[in-house]
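Position one of the sequence shown corresponds to residue 6 (the numbering used here), numbered consecutively onward. The beta carbon of each residue, even a glycine, is placed where N, CA and C say it ideally should be. Please read all numbers here as calculations on a predicted model, not as lab measurements.
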Amino acid sequence: MLGRRNRDRVLVLCTAERRLLTGALLSFRNKLLAGGKPTEDVNELLIRLMR
Numbered sequence: 006m007l008g009r010r011n012r013d014r015v016l017v018l019c020t021a022e023r024r025l026l027t028g029a030l031l032s033f034r035n036k037l038l039a040g041g042k043p044t045e046d047v048n049e050l051l052i053r054l055m056r
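Okay, structure coming up:
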């Protein structure tokens, strides 16, 4: 879009929410791998989440 800047979003998660999100992303990544689809974006999210 014209005139729109990329901005980082910050999520504040408790331990249980973080664990749930990590599990969901790993499950989604496994589905993508099984389907032979690229996983780069999900991998990047997982790395950011685990920092």
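Inset, instruction - Using three-state DSSP, classify ASP46 as helix, strand or coil. - result: It is helical.
Legend entry - Chain-order list of residues whose beta-carbon lies under 7 Å from that of LEU50 (same chain, five-residue window excluded): Around LEU50, the same chain offers LEU30 as residues with beta carbons nearer than 7 Å, after the five sequence neighbours per side are excluded.
Inset, instruction - Whole angstroms is fine: what's the gap from LEU26's alpha carbon to ILE52's? - result: One C-alpha to the other measures close to 12 Å.
Legend entry - Among ARG12, ASN11 and CYS19, the one whose alpha carbon lies nearest that of LEU54: Among ARG12, ASN11 and CYS19, the Cα nearest to that of LEU54 is on CYS19.
Legend entry - Contact set for THR44: own chain, Cβ-Cβ below 7 Å, skip 5 residues either direction: Spatial neighbours of THR44 in its own chain (CB-CB distance under 7 Å, excluding positions within 5 residues in sequence) are listed in chain order as ARG34, LEU37 and LEU38.
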